[in-house]
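**Q** Each residue of the sequence shown is one higher than the last, beginning at 32 in this note's numbering.
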Amino acid sequence: MSSDTLLAPPAAPARQRRIGRASLVLGVILTSQLMVVLDATIVNVALPDMQTALNFSDTELSWVLNAYTLTFGGLLLLGARAGDLLGRRSTFLTGIAIFTLASLVGGFATTGWFLLAARALQGVGGALAAPSSLALLATMFPEGRERLRAIALFTAVSIGGGAIGLISGGMLTEWASWRWVLFVNVPIGAAVFAIGFWVLPETHRKHGRFDLMGALTSTLGMGSLVYGFVRAASDGWSDRLTVGAFVAGVVLLVAFVLTELRAEEPITPLRLLTNPSRTGANVARGLLFAGMFGMFFFLTQFLQDVLGYSPLQTGFAFLPIPLTVFASSQLASRVLVHRLNGKFLMLLGVGLSTLGLLLSSQLSASSSYWTILACLLLFGTGNGLSFVTLTTAALAGVAPEDAGAASGLVNVMQQLGGTLGVAVLVTVFGSATKHAAAHPIPGASAAAQAGHVFVYGADRAFVASTLFLVAAIALVAVAVRAPRDAAAA
32 MSSDTLLAPP AAPARQRRIG RASLVLGVIL TSQLMVVLDA TIVNVALPDM QTALNFSDTE
92 LSWVLNAYTL TFGGLLLLGA RAGDLLGRRS TFLTGIAIFT LASLVGGFAT TGWFLLAARA
152 LQGVGGALAA PSSLALLATM FPEGRERLRA IALFTAVSIG GGAIGLISGG MLTEWASWRW
212 VLFVNVPIGA AVFAIGFWVL PETHRKHGRF DLMGALTSTL GMGSLVYGFV RAASDGWSDR
272 LTVGAFVAGV VLLVAFVLTE LRAEEPITPL RLLTNPSRTG ANVARGLLFA GMFGMFFFLT
332 QFLQDVLGYS PLQTGFAFLP IPLTVFASSQ LASRVLVHRL NGKFLMLLGV GLSTLGLLLS
392 SQLSASSSYW TILACLLLFG TGNGLSFVTL TTAALAGVAP EDAGAASGLV NVMQQLGGTL
452 GVAVLVTVFG SATKHAAAHP IPGASAAAQA GHVFVYGADR AFVASTLFLV AAIALVAVAV
512 RAPRDAAAA
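#1: Give the range of the alpha helix (DSSP H) segment to which Ala321 is assigned.
#2: Identify every run of the alpha helix (DSSP H) within the segment 128 to 204, keeping only runs that are complete inside it and at least 4 residues long; order them along the chain.
#3: Could you give the C-beta distance for Ala158 and Leu109, rounded to a whole number, given that I count them as a contact under 8 Å?
#4: Under 7 Å, do Asp242 and Ala294 count as touching if we go by C-beta distance?
#5: Taking the alpha helix (DSSP H) that Asp115 falls in, what are its first and last residues?
#6: Is the segment 390 to 404 close to the segment 435 to 444, with three or more CB pairs under 8 Å?
#7: Counting pairs of Cβ atoms below 8 Å between the segment 439 to 449 and the segment 105 to 119, do you hit three or more?
#8: Report buried or exposed for Phe289, applying the criterion of at least 16 other Cβ atoms within 10 angstroms of its Cβ.
#9: What first and last residue would you give for the alpha helix (DSSP H) that runs through Arg281?
#10: Can you give me the start and stop residues for the alpha helix (DSSP H) that Trp211 sits inside?
#11: Which one of Gln332, Gly275, Leu362 and Arg365 has the shortest CA to CA distance from Phe349?
#12: Taking 7 Å as the cut-off, decide whether the C-beta atoms of Gly448 and Gly317 are in contact.
#13: What number of angstroms, rounded off, separates the C-alpha of Phe329 from the C-alpha of Ala489?
#14: Return the CA-CA distance between Arg589 and Leu371, expressed in angstroms with no decimal places.
#15: Determine contact between the segment 126 to 140 and the segment 179 to 188, defined as no fewer than three beta-carbon pairs at a distance below 8 Å.
#16: Please return the same chain residues whose Cβ sits closer than 8 Å to the Cβ of Phe460, not counting the five positions on each side in sequence.
#17: Throw me the rounded Cβ distance for the Ile127 and Gly104 pair, which I believe falls under 8 Å.
#18: Measure the alpha-carbon distance for Ala467 versus Val484 and round it to whole angstroms.
#19: Checking 7 Å against the spacing of the C-beta atoms, do Arg302 and Ala425 come in under that value?
#20: Indicate whether Ala315 and Ala503 have their beta-carbon atoms separated by less than 7 Å.
#21: In chain order, what residues of the same chain have a beta carbon less than 6 Å from the beta carbon of Trp94, not counting five sequence neighbours either side?
#22: What is the rounded straight-line gap between the Cα of Ser395 and the Cα of Ala405?
#23: Mapping DSSP to helix, strand and coil, what is Phe241?
#24: Should Gly118 and Glu233 be called a contact, given that it needs their Cβ atoms to be closer than 7 Å?
#25: Measuring alpha carbon to alpha carbon, tell me which residue in Met66, Ala481, Ile73 and Leu116 is nearest His238.
#26: Examine the Cβ distances between the segment 66 to 79 and the segment 203 to 221 and report whether three or more of them are shorter than 8 Å.
#27: Pairs of beta-carbons, one from the segment 279 to 289 and one from the segment 254 to 264, closer than 8 Å: are there three or more?
#28: Skipping 5 residues on each side, what residues in its chain have a beta carbon closer than 8 Å to that of Leu92?
#29: Can you give the Cα-Cα distance for Val507 and Leu379, rounded to whole angstroms?
#30: Going by other Cβ atoms of all chains shown within 10 Å of its Cβ, with 16 needed for buried, is Asp70 buried or exposed?
#31: Just curious, the alpha helix (DSSP H) that Val9 is in, first and last residue?
#32: For Val509, does the count of other Cβ atoms within 10 angstroms reach 16, so buried, or fall short, so exposed?
#33: Could you pull the start and end residues of the alpha helix (DSSP H) that Val76 belongs to?
#34: For Pro471 and Phe260, what's the separation of their Cα atoms in angstroms?
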């Protein structure tokens, strides 16, 4: 018997252990991403109950969403850099611990400021965990078939998580209490931390110091821009604080770029932005998320305020989104990317999503759920097809030492695209509803007039969302190369 034969039996168990460990790592990464993405939408359906319990005004209530969004979006680049310097495993576990603790504290909130502080702390934890999770995925799975499948699952969770948040938020609010939209993170976060502590590999730590000035200017700059859009949605574009926030944001981001050009160890290597294909893929991703979050925001209100759905019915109405995203992303990663040009697949996906939003702009008070279902099916299928290739293009060819920063940019564009997009769309909605209110329907009841005003404003917002996606199509057509070509380069 040859030595090769003698050595053969142990190989299979070793390979099975490697596959099993990789599956556990992927499970930890996907679950953590679901928690972070889901938390941006899970509180939407619970907002009325929160307002009653904690005496929020209408303006203050918006900060239940914004406190999380501002800290999460503003600190993502710092979280990515922390993973490079402190190790991605350590940074990821720290972020999960902070997020879980903040969820527990927020669930026990007895005052408005208490809940807002907890939501902001959740954003800090998410900003640490999210970039490290995608960076761990990129380093754990080499470029090729395995990474494509992992990215497809990551994409399905990232896109479908928002809709899952609406569904679970409706269930928890109607069956238990608004507090459970926060408490639900505690057992999940504890399990992710325990399993991650056991199976996640530690990555190489870069020797150096934090680029504190870069971190400060980028965080405050992005936070100022987000605050400016949020403020504009409620107080108008001419409001002094709105204008001041935009001016401060632009000045701080210019200072960030100048700082990064001179820094020996920048928080975000600007060389990542010099690749047109990678930058185009990231910006197109942000535009798609702007359209998606806008759809969630306005359809949620349309279903409840116009069609009279309950919170639970509203949540389940969005079920086609995660189902179609999962199915189309798996089809894209397992079949289509090997048979179709990657750029064509991107354009096809964004085109289907654009049709879904365009159809949404035709909704009326007499629309049936079948029309809404067609919108959701088109949009979900398009997103699943496009995000697999966009994410691959955004990470293709990135050196291992830049994986944290590159994945941080992916998450930044995803989060800020959704946040800024909704703020812009709410402003469009506000202007349209003022116009509709100034021209009432003769002889209409108060309820019918209110429904007309909302539908008029929502339709105009959906038209603006469609323009976001048209811009994404143009960007992909001009700047983004097929993922295979980008990887080869």
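Quick reminder that beta carbons are idealized off the backbone N, C-alpha and C, glycines included.
These figures come from a predicted structure and were not determined experimentally.
**A** Per the coordinate set shown:
#1: To locate residue 321, count along the sequence shown from 1; it is residue 290. Pro307 to Gln332 is the extent of the alpha helix (DSSP H) around Ala321.
#2: Here the runs fully enclosed are 143 to 171.
#3: Mapped onto the sequence shown, residue 158 falls at position 127. Mapped onto the sequence shown, residue 109 falls at position 78. Indeed, because the Cβ distance is near 7 Å, the residues count as touching under 8 Å.
#4: Here residue 242 is taken as the residue at index 211 of the sequence shown, counted from 1. Here residue 294 is taken as the residue at index 263 of the sequence shown, counted from 1. Yes. Within cutoff.
#5: What you label residue 115 is simply residue 84 of the sequence shown in a count that begins at 1. Per DSSP, Asp115 belongs to the alpha helix (DSSP H) from Trp94 to Leu117.
#6: Verdict: no, contact absent.
#7: Contact between the segment 439 to 449 and the segment 105 to 119 is present, because at least three Cβ pairs lie under 8 Å.
#8: The residue labelled residue 289 in the question sits at position 258 within the sequence shown. For the sequence presented, residue 289 should be read as Leu rather than Phe. With fewer than 16 other Cβ atoms within 10 Å, it is exposed.
#9: To locate residue 281, count along the sequence shown from 1; it is residue 250. Sequence inspection shows Val at residue 281; the Arg mentioned does not correspond to that position. According to the DSSP assignment, Val281 belongs to the alpha helix (DSSP H) that extends over Arg271 to Arg293.
#10: Indexing the sequence shown from 1 puts residue 211 at position 180. Note, Trp211: alpha helix (DSSP H), Trp211 to Phe214.
#11: Reading the sequence shown from its first residue, position 318 is the one you call residue 349. Among Gln332, Gly275, Leu362 and Arg365, the Cα nearest to that of Phe349 is on Gln332.
#12: Along the sequence shown, read from residue 1 onward, the residue named residue 448 stands at position 417. Along the sequence shown, read from residue 1 onward, the residue named residue 317 stands at position 286. Yes, they are a contact pair.
#13: Start at 1 with the first residue of the sequence shown, and residue 329 comes out as number 298. Start at 1 with the first residue of the sequence shown, and residue 489 comes out as number 458. Looking at the two C-alpha atoms, the distance is approximately 6 Å.
#14: An answer regarding residue 589 cannot be provided, because it is not within the stretch 32 to 520 covered by the chain.
#15: Touching, no.
#16: Here residue 460 refers to the residue found at position 429 of the sequence shown. Excluding sequence neighbours, Phe460 sits near Phe329, Gly488, Ala489, Arg491 and Ala492.
#17: Here residue 127 refers to the residue found at position 96 of the sequence shown. Here residue 104 refers to the residue found at position 73 of the sequence shown. Not confirmed; about 19 Å, so no contact.
#18: Here residue 467 refers to the residue found at position 436 of the sequence shown. Here residue 484 refers to the residue found at position 453 of the sequence shown. The alpha-carbon atoms of Ala467 and Val484 are separated by roughly 5 Å.
#19: Within the sequence shown, numbered from 1, the residue matching residue 302 stands at position 271. Within the sequence shown, numbered from 1, the residue matching residue 425 stands at position 394. The answer is no: Cβ separation not under 7 Å.
#20: For this step, residue 315 is matched to residue 284 along the sequence shown. For this step, residue 503 is matched to residue 472 along the sequence shown. In contact: Ala315 and Ala503 (Cβ atoms closer than 7 Å).
#21: Translated into positions along the sequence shown, residue 94 becomes position 63. In chain order, Leu147 place their CB closer than 6 Å to the CB of Trp94, counting only its own chain and leaving out the 5 sequence neighbours on each side.
#22: Locating residue 395 in the sequence shown gives position 364, where the first residue counts as 1. Locating residue 405 in the sequence shown gives position 374, where the first residue counts as 1. One C-alpha to the other measures close to 15 Å.
#23: Working through the sequence shown from its first residue, we reach residue 241 at position 210. If DSSP states are grouped into helix, strand and coil, Phe241 belongs with coil.
#24: Residue numbering aside, residue 118 sits at position 87 when the sequence shown is read from its first letter. Residue numbering aside, residue 233 sits at position 202 when the sequence shown is read from its first letter. Yes, the Cβ-Cβ distance between Gly118 and Glu233 is below 7 Å.
#25: By 1-based counting over the sequence shown, the position of residue 238 is 207. Closest by C-alpha distance to His238, out of Met66, Ala481, Ile73 and Leu116, is Leu116.
#26: Result yes; three or more Cβ-Cβ pairs closer than 8 Å.
#27: By the criterion of at least three beta-carbon pairs nearer than 8 Å, the segment 279 to 289 is in contact with the segment 254 to 264.
#28: Your numbering for residue 92 matches position 61 in the sequence shown. The beta carbon of Leu92 lies closer than 8 Å to those of Leu78, Met81 and Gln82 in the same chain, with the five residues before and after it left out.
#29: Counted from its first residue, the sequence shown places residue 507 at position 476. Counted from its first residue, the sequence shown places residue 379 at position 348. So the alpha carbons of these two residues sit roughly 11 Å apart.
#30: As a first step, residue 70 is located in the sequence shown; it is residue number 39 there, counting from the start. With at least 16 other beta carbons inside 10 angstroms of its own, Asp70 counts as buried.
#31: Because the chain spans 32 through 520 in this model, residue 9 falls outside it and cannot be assessed.
#32: Reading the sequence shown from its first residue, position 478 is the one you call residue 509. Its Cβ having fewer than 16 others within 10 Å, Val509 is exposed.
#33: Counted from its first residue, the sequence shown places residue 76 at position 45. Run containing Val76: none; DSSP gives neither H nor E here.
#34: Along the sequence shown, read from residue 1 onward, the residue named residue 471 stands at position 440. Along the sequence shown, read from residue 1 onward, the residue named residue 260 stands at position 229. Straight-line Cα distance between these residues: approximately 29 Å.
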